[in-house]
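Asks: Reminder that position 207 of the sequence shown reads as 755 in the working numbering, one-by-one numbering, no gaps. C-beta atoms are modelled at their ideal positions from N, C-alpha and C, and glycine is treated no differently. A quick note: this is a predicted structure, and the numbers were derived from the prediction, not measured.
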Amino acid sequence: MSPVLAGALQLLALMAALALVYRPLGDYMARVYSSDKHLRVEKWIYKAVGANPNTQMRWPAYLRGVLAFSAVGVLFLYLLQRVQGSLPGSLGFQSIDPDQAFNTAASFVANTNWQSYYGEQAMGHVVQTGGLAVQNFVSAAVGIAVAVALVRGFARSRTGELGNFWSDLVRGVVRILLPISLVAAVLLVACGAIQNFAGIHEVGQFTGGVQEWNGGAVASQEAIKELGTNGGGYFNANSAHPFENPNPLSNLLEIFLILVIPLALTRTFGRMVGSVKQGYAILGTMVFIWVGFTALMMWTEFAHSGQAFDIAGGAMEGKETRFGIGGSSLFAVATTLTSTGAVNSFHSSYTGFGGGITMLGMQLGEIAPGGVGSGLYGMLIMAIIAVFIAGLMVGRTPEYLGKKIGTREIKLAACYILITPTLVLSFTGLALALSTPPDSITNTAANAVGGSGAHGFSEILYAYTSGANNNGSAFAGLNADTQWFNTTIGLAMLLGRFLPMVFVLALAGSLAEQKPIPATSGTLRTEKPLFTGLLVGTILIITGLTYFPALALGPLAEGLAS
549 MSPVLAGALQ LLALMAALAL VYRPLGDYMA RVYSSDKHLR VEKWIYKAVG
599 ANPNTQMRWP AYLRGVLAFS AVGVLFLYLL QRVQGSLPGS LGFQSIDPDQ
649 AFNTAASFVA NTNWQSYYGE QAMGHVVQTG GLAVQNFVSA AVGIAVAVAL
699 VRGFARSRTG ELGNFWSDLV RGVVRILLPI SLVAAVLLVA CGAIQNFAGI
749 HEVGQFTGGV QEWNGGAVAS QEAIKELGTN GGGYFNANSA HPFENPNPLS
799 NLLEIFLILV IPLALTRTFG RMVGSVKQGY AILGTMVFIW VGFTALMMWT
849 EFAHSGQAFD IAGGAMEGKE TRFGIGGSSL FAVATTLTST GAVNSFHSSY
899 TGFGGGITML GMQLGEIAPG GVGSGLYGML IMAIIAVFIA GLMVGRTPEY
949 LGKKIGTREI KLAACYILIT PTLVLSFTGL ALALSTPPDS ITNTAANAVG
999 GSGAHGFSEI LYAYTSGANN NGSAFAGLNA DTQWFNTTIG LAMLLGRFLP
1049 MVFVLALAGS LAEQKPIPAT SGTLRTEKPL FTGLLVGTIL IITGLTYFPA
1099 LALGPLAEGL AS
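Structure follows, in structure tokens:
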């Protein structure tokens, strides 16, 4: 079987599996967030934290819950890392330095999981399982909760109430993330992923030293790492490591976990607003972009010419032979079009255009299908922008799902889409303008003056794109474990996660206060393929106008020069 055919068959198998669970999972999540009943274990949690799950919150109260819970998470995870050296199960590792502890705490609480450290050489069992794995669950649940609050803004009328944050948070963990993660962890163990609390042990000897590995609760963390679109790996090689991702079957399972909740949430959205066709329109937009990016990535990586490429079947540098170009391309696109950040290959080693595709996927706003929750609310913001543009073209006040998109709503949407580009481009410009940060480009050829300097520029642009978009993947080749990068990327992750939530929740509150507007003959039919096409065009045009100059200096220049 040719590598191209193998890649195509993997894509088809993945799409079939996602289609199979789309309706049942989407309908189940709609029931979870619409039910008035609380499970017994949920009542225990509410009592422990002193929350009343039946109290309805307006958007300022909902936002305070999100920010307060996340702030406590940052502080707890920071302190846990700072005292690691005195904790049991630390495997002899020392406490984490302040700047890296801040970066890691911000990263995992913001659902980014950017890692500027070697996981197997820095974090012990307590920090990995009691700190990082816990944040993998709750940060994902926060994202879903904010998305559900926005959906309620569309579904409700003449009230500013968006539900209860604590109830949404707990239900997301207990009823959705934990059960699926349990099943996924068992499947990963069956595929060969490790699950233990073993210490450091010698696995081989070589001239001048020995090779050592430590065990860990890898399969369980791998499951929620992918399911919650987190991405932080137990080992530095992330999902390229055989302990995390042993074979092509586990690779396909992990890609499935990355995509399943963000896609199924479109069904949840349709159910909660009373029109599954609206959910299908959003789903169609996500799938069109995802399949298009995957096809482009496979083409760029398979089509590269040269004798070495012909022998290997394509551009195999930086890719695991057990996954090949097809499995690597599928994973790279899935992880950068969502807020996952896991990698099973190294994006810095992709062709110039291939590396640009991974970067562009994040710069779209990670909305196709995006992160758990964040993908849905990001796409709904883009839908609001699209109906506003359509309204300008026909001279009619724009409406979406029976809600008028007025001055307040469009200002909030505009602020949302401007935050991330501002963070990415500002921090990239500062890093390149100062004398020290460019020294972190470890690839000397990429740091040289001339055409190869485009790759070095891409490394820094990718780092801030990944951080501000809450992705967490790295281009590789950049030493980000410095005070400058730990601090600035940490700030980019926090601002890129929580500032957009302010505008999303404010928008949800504004929509919930409106009374529904009946559809007329002049109303734009947002459940039709025409609107899907308009939405795709809006996304690509806004992203292109925003990032094209930066992309032209990096991956485009490198791709054209190769």
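Would you identify the three-state DSSP class for residue 949, choosing helix, strand or coil?
Replies: It is coil, neither helix nor strand.
Asks: Using alpha carbons as the reference points, say which of 873, 828, 969 lies closest to residue 551.
Replies: The shortest C-alpha separation from residue 551 is found at 873.
Asks: Short check: CB of residue 924 to CB of residue 1077, under 8 Å?
Replies: Contact flag unset, no.
Asks: Roughly how many whole angstroms lie between the Cα atoms of residue 996 and residue 671?
Replies: The predicted position of residue 996 is uncertain, since its pLDDT is 43 and thus under 50; a value taken from the coordinates is nonetheless stated next. One C-alpha to the other measures close to 35 Å.
Asks: Using alpha carbons as the reference points, say which of 599, 763, 725 lies closest to residue 751.
Replies: Comparing Cα positions, the closest option is 763.
Asks: Do you know how far the Cα of residue 699 is from the Cα of residue 845?
Replies: Approximately 33 Å between the Cα atoms of the pair.
Asks: In the DSSP output, which residue or residues are listed as bridge partners for residue 606?
Replies: Per DSSP, 709.
Asks: My output table needs one value for residue 1090: the three-state DSSP class, helix, strand or coil.
Replies: Here residue 1090 sits in helix by DSSP.
Asks: Closer than 8 Å is the cut-off here; do at least three beta carbon pairs connect the region 720–736 with the region 763–777?
Replies: With the cut-off at 8 Å, the region 720–736 and the region 763–777 touch.
Asks: Taking contact to mean at least 3 C-beta pairs separated by less than 8 Å, is the region 893–902 in contact with the region 1033–1052?
Replies: Segments in contact, no.
Asks: Considering only their Cβ atoms, is the gap separating residue 833 from residue 627 smaller than 8 Å?
Replies: Going by C-beta atoms, residue 627 is not nearer than 8 Å to residue 833.
Asks: With 16 other CB atoms within 10 Å as the buried threshold, where does residue 806 fall?
Replies: Result: buried.
Asks: According to DSSP, simplified to helix, strand and coil, what is residue 722?
Replies: Here residue 722 sits in helix by DSSP.
Asks: Are there 16 or more other CB atoms within 10 angstroms of the CB of residue 1105, so buried, or fewer, so exposed?
Replies: Buried, by the Cβ-count rule.
Asks: Verify whether the separation of the beta carbon atoms of residue 953 and residue 930 is less than 8 Å.
Replies: No, they are not a contact pair.
Asks: With residue 641 and residue 683 assumed to form a contact (beta carbons below 8 Å), what rounded beta-carbon distance in angstroms separates them?
Replies: Not quite, the Cβ-Cβ distance comes to about 19 Å (not below 8 Å), so this is no contact.
Asks: Check residue 678 in the structure and name its three-state DSSP category.
Replies: Correct three-state label for residue 678: helix.
Asks: In terms of residues, what are the limits of the beta strand (DSSP E) holding residue 496?
Replies: Past the boundaries of the shown model lies residue 496; the chain is included only from 549 to 1110, so the question cannot be answered.
Asks: Where does residue 1052 land, buried or exposed, given buried means 16+ other C-beta within 10 angstroms?
Replies: Buried, by the Cβ-count rule.
Asks: Taking only the alpha-carbon atoms, compute the straight-line gap between residue 725 and residue 717 and give it to the nearest angstrom.
Replies: In a straight line, the C-alpha of residue 725 is about 11 Å away from that of residue 717.
Asks: Can you name the start and end residues of the alpha helix (DSSP H) that residue 704 belongs to?
Replies: Careful: residue 704 lies outside any alpha helix (DSSP H) and carries neither H nor E.
Asks: Looking only at its own chain, which residues have a Cβ that is under 7 Å from the Cβ of residue 983, when we skip the five neighbours before and after it?
Replies: Excluding positions up to five away in sequence, the list is empty.
Asks: Ignore the nearest five residues each way along the sequence and tell me which others in residue 580's own chain have a CB closer than 7 Å to its CB.
Replies: The answer, listed in chain order, is 719, 723, 724.
Asks: Hey, how far is the Cα of residue 1026 from the Cα of residue 712?
Replies: Distance between the alpha carbons of residue 1026 and residue 712: 42 Å.
Asks: Decide if residue 652 is buried, meaning its Cβ has at least 16 other Cβ atoms within 10 Å, or exposed.
Replies: With 16 or more other Cβ atoms within 10 Å, it is buried.
Asks: Can you find the residues in the same chain that come closer than 7 Å, C-beta to C-beta, to residue 988, ignoring five residues on each side of it along the sequence?
Replies: Excluding positions up to five away in sequence, the list reads 1026, 1027, 1028, 1030, 1033.
Asks: Would you say residue 886 and residue 921 are within 8 Å of each other, going by their C-beta atoms?
Replies: Result no, Cβ atoms of residue 886 and residue 921 do not sit closer than 8 Å.
Asks: Would you say the region 813–823 touches the region 786–794, given that touching needs at least three Cβ pairs under 8 Å?
Replies: No, they do not touch.
Asks: Specify the secondary structure class of residue 920 as computed by DSSP and reduced to three states.
Replies: Correct three-state label for residue 920: coil.
Asks: Give every residue of the same chain whose Cβ lies closer than 6 Å to the Cβ of residue 561, excluding the five residues on either side of it in the sequence, and list them in chain order.
Replies: Nothing listed; no residue qualifies.
Asks: Here's a check: name, in chain order, each residue in its chain whose Cβ is nearer than 7 Å to the Cβ of residue 604, leaving out the five neighbours to either side.
Replies: Answer for residue 604: 709, 711, 712, listed in chain order.
Asks: Does the Cβ of residue 895 have 16 or more other Cβ atoms within 10 Å, making it buried, or fewer, making it exposed?
Replies: With 16 or more Cβ atoms within 10 Å of its Cβ, residue 895 is classed as buried.
Asks: Could you tell me if residue 666 is buried or exposed, where buried requires 16 or more neighbouring beta carbons within 10 angstroms of its beta carbon?
Replies: So residue 666 ends up on the exposed side.
Asks: Indicate whether residue 829 and residue 1035 have their beta-carbon atoms separated by less than 8 Å.
Replies: In this structure, residue 1035 does not lie closer than 8 Å to residue 829 by Cβ.
Asks: Starting from residue 576 and walking both ways along the alpha helix (DSSP H), at which residues does that stretch end?
Replies: Counting along the chain, the alpha helix (DSSP H) containing residue 576 begins and ends at 551–582.
Asks: Excluding the five sequence neighbours on either side, which residues of its own chain have a C-beta within less than 7 Å of the C-beta of residue 694, listed in chain order?
Replies: Hits under 7 Å: 614, 921, 925, 1049, 1052, 1053.
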